[in-house]
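In the working numbering, the protein residues as written are 81 to 222.
Here you go:
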(Lines of atoms letter the chains of each structure in order from A and count residues from 1; the text may use other names and numbers.)
(Lines give C-alpha, C1' and ligand atoms only; values in the text may rest on other atoms or scores of the structure.)
Protein backbone atom coordinates (compact mmCIF):
# COMPACT_ATOMS: atom_id res chain seq x y z
CA UNK A 1 0.00 0.00 0.00
CA UNK A 2 1.27 3.48 -0.84
CA UNK A 3 2.59 5.73 1.91
CA UNK A 4 -0.52 7.49 3.30
CA UNK A 5 1.52 10.62 4.07
CA UNK A 6 1.42 11.47 0.34
CA UNK A 7 -2.38 11.81 0.55
CA UNK A 8 -2.02 14.10 3.56
CA UNK A 9 0.56 16.28 1.81
CA UNK A 10 -1.56 16.55 -1.31
CA UNK A 11 -4.61 17.52 0.79
CA UNK A 12 -2.56 20.10 2.72
CA UNK A 13 -1.20 21.44 -0.56
CA UNK A 14 -4.71 21.97 -1.91
CA UNK A 15 -6.12 23.60 1.22
CA UNK A 16 -3.12 25.89 1.64
CA UNK A 17 -3.17 26.85 -2.02
CA UNK A 18 -6.80 27.97 -1.76
CA UNK A 19 -6.05 30.13 1.30
CA UNK A 20 -2.79 31.45 -0.17
CA UNK A 21 -4.28 32.27 -3.57
CA UNK A 22 -7.15 34.26 -2.07
CA UNK A 23 -4.66 36.22 0.05
CA UNK A 24 -2.39 36.90 -2.95
CA UNK A 25 -5.26 38.05 -5.15
CA UNK A 26 -6.50 40.49 -2.51
CA UNK A 27 -3.03 41.87 -1.68
CA UNK A 28 -2.05 42.19 -5.36
CA UNK A 29 -5.30 43.97 -6.14
CA UNK A 30 -4.77 46.41 -3.25
CA UNK A 31 -1.12 47.14 -4.16
CA UNK A 32 -1.58 47.46 -7.93
CA UNK A 33 -5.09 48.92 -7.81
CA UNK A 34 -5.94 46.51 -10.63
CA UNK A 35 -8.21 43.54 -9.92
CA UNK A 36 -7.14 41.81 -13.14
CA UNK A 37 -3.47 42.01 -12.11
CA UNK A 38 -4.46 40.54 -8.74
CA UNK A 39 -6.20 37.63 -10.45
CA UNK A 40 -3.31 37.03 -12.85
CA UNK A 41 -0.72 37.00 -10.07
CA UNK A 42 -2.88 34.84 -7.82
CA UNK A 43 -3.68 32.26 -10.46
CA UNK A 44 -0.09 32.15 -11.79
CA UNK A 45 0.94 31.08 -8.31
CA UNK A 46 -1.43 28.12 -8.26
CA UNK A 47 0.98 25.97 -10.27
CA UNK A 48 4.31 27.21 -8.95
CA UNK A 49 3.27 27.32 -5.31
CA UNK A 50 1.50 23.94 -5.39
CA UNK A 51 4.67 22.24 -6.61
CA UNK A 52 6.91 24.17 -4.22
CA UNK A 53 4.59 23.56 -1.25
CA UNK A 54 4.35 19.82 -1.93
CA UNK A 55 8.16 19.57 -2.11
CA UNK A 56 8.46 21.64 1.09
CA UNK A 57 6.06 19.26 2.87
CA UNK A 58 8.00 16.19 1.69
CA UNK A 59 11.32 17.65 2.87
CA UNK A 60 9.90 18.50 6.31
CA UNK A 61 8.35 15.05 6.56
CA UNK A 62 11.68 13.38 5.80
CA UNK A 63 13.71 15.45 8.26
CA UNK A 64 11.18 15.05 11.04
CA UNK A 65 11.14 11.30 11.59
CA UNK A 66 12.22 9.97 14.93
CA UNK A 67 14.21 6.76 15.31
CA UNK A 68 10.93 4.92 15.82
CA UNK A 69 9.41 6.33 12.64
CA UNK A 70 6.85 8.36 14.59
CA UNK A 71 6.15 11.81 13.21
CA UNK A 72 7.15 14.44 15.76
CA UNK A 73 5.05 17.58 16.00
CA UNK A 74 5.52 20.75 17.99
CA UNK A 75 4.81 24.45 17.92
CA UNK A 76 8.53 25.10 17.33
CA UNK A 77 8.44 22.83 14.29
CA UNK A 78 5.40 24.71 12.95
CA UNK A 79 7.15 28.04 13.43
CA UNK A 80 10.27 26.76 11.63
CA UNK A 81 8.14 25.43 8.77
CA UNK A 82 6.32 28.75 8.61
CA UNK A 83 9.57 30.69 8.25
CA UNK A 84 11.12 28.40 5.62
CA UNK A 85 7.92 28.27 3.59
CA UNK A 86 7.45 32.04 3.77
CA UNK A 87 10.95 32.61 2.40
CA UNK A 88 10.29 30.31 -0.57
CA UNK A 89 6.78 31.67 -1.11
CA UNK A 90 7.78 35.33 -0.98
CA UNK A 91 10.53 34.89 -3.57
CA UNK A 92 8.05 33.12 -5.85
CA UNK A 93 5.36 35.80 -5.36
CA UNK A 94 7.74 38.71 -5.96
CA UNK A 95 9.12 37.08 -9.11
CA UNK A 96 5.66 36.41 -10.56
CA UNK A 97 4.34 39.85 -9.54
CA UNK A 98 7.28 41.56 -11.24
CA UNK A 99 6.84 39.53 -14.43
CA UNK A 100 3.06 40.05 -14.57
CA UNK A 101 2.86 43.68 -13.45
CA UNK A 102 6.14 44.80 -14.98
CA UNK A 103 6.66 46.83 -11.81
CA UNK A 104 9.45 45.73 -9.45
CA UNK A 105 8.28 48.14 -6.73
CA UNK A 106 4.77 46.64 -6.75
CA UNK A 107 6.36 43.17 -6.60
CA UNK A 108 8.33 44.16 -3.48
CA UNK A 109 5.26 45.72 -1.85
CA UNK A 110 3.19 42.59 -2.49
CA UNK A 111 6.02 40.37 -1.24
CA UNK A 112 6.51 42.35 1.97
CA UNK A 113 2.77 42.50 2.68
CA UNK A 114 2.59 38.74 2.22
CA UNK A 115 5.33 38.13 4.74
CA UNK A 116 2.93 39.27 7.45
CA UNK A 117 -0.39 37.90 6.20
CA UNK A 118 0.93 34.58 4.96
CA UNK A 119 2.97 33.75 8.06
CA UNK A 120 -0.12 34.21 10.22
CA UNK A 121 -2.32 32.23 7.83
CA UNK A 122 0.28 29.47 7.37
CA UNK A 123 0.78 29.00 11.10
CA UNK A 124 -2.98 28.75 11.61
CA UNK A 125 -3.19 26.29 8.69
CA UNK A 126 -0.48 24.13 10.30
CA UNK A 127 -2.27 24.17 13.64
CA UNK A 128 -5.57 23.12 12.04
CA UNK A 129 -3.87 20.28 10.15
CA UNK A 130 -2.12 19.20 13.35
CA UNK A 131 -5.55 18.42 14.79
CA UNK A 132 -6.47 16.28 11.75
CA UNK A 133 -5.22 12.68 11.59
CA UNK A 134 -5.91 12.25 7.86
CA UNK A 135 -2.94 10.53 6.21
CA UNK A 136 -1.11 9.70 9.44
CA UNK A 137 -0.55 6.15 10.63
CA UNK A 138 1.09 7.26 13.91
CA UNK A 139 1.41 10.50 15.81
CA UNK A 140 3.52 11.30 18.82
CA UNK A 141 1.89 13.63 21.34
CA UNK A 142 3.54 16.97 22.16
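Even for Gly, the Cβ is constructed at its ideal location relative to N, Cα and C.
In this structure, how does DSSP classify residue i when only helix, strand and coil are distinguished?
| i | result |
| --- | --- |
| residue 114 | coil |
| residue 211 | coil |
| residue 130 | helix |
| residue 176 | helix |
| residue 216 | coil |
| residue 206 | helix |
| residue 108 | helix |
Run the CB neighbour count on residue i, radius 10 Å, all protein chains shown included, and call it buried at 16 or more, exposed below.
| i | result |
| --- | --- |
| residue 176 | buried |
| residue 111 | buried |
| residue 107 | buried |
Starting from residue i, trace the alpha helix (DSSP H) in both directions and tell me its first and last residue.
| i | result |
| --- | --- |
| residue 182 | That residue, residue 182, is in no alpha helix (DSSP H); it is neither H nor E in DSSP. |
Which same chain residues end up closer than 7 Å to residue i when comparing Cβ atoms and leaving out the 5 residues on each side of it in sequence?
| i | result |
| --- | --- |
| residue 69 | This structure gives no information on residue 69, because the portion of the chain shown stretches from 81 to 222. |
| residue 124 | 176 and 180 |
What does a CB cutoff of less than 8 Å around residue i pick up in its chain, not counting 5 residues either side in sequence?
| i | result |
| --- | --- |
| residue 104 | 118, 121, 122, 125, 173, 190 and 194 |
Got a sec? Which residues, its chain only, sit under 6 Å from residue i by beta carbon, not counting five neighbours each side?
| i | result |
| --- | --- |
| residue 87 | 215 |
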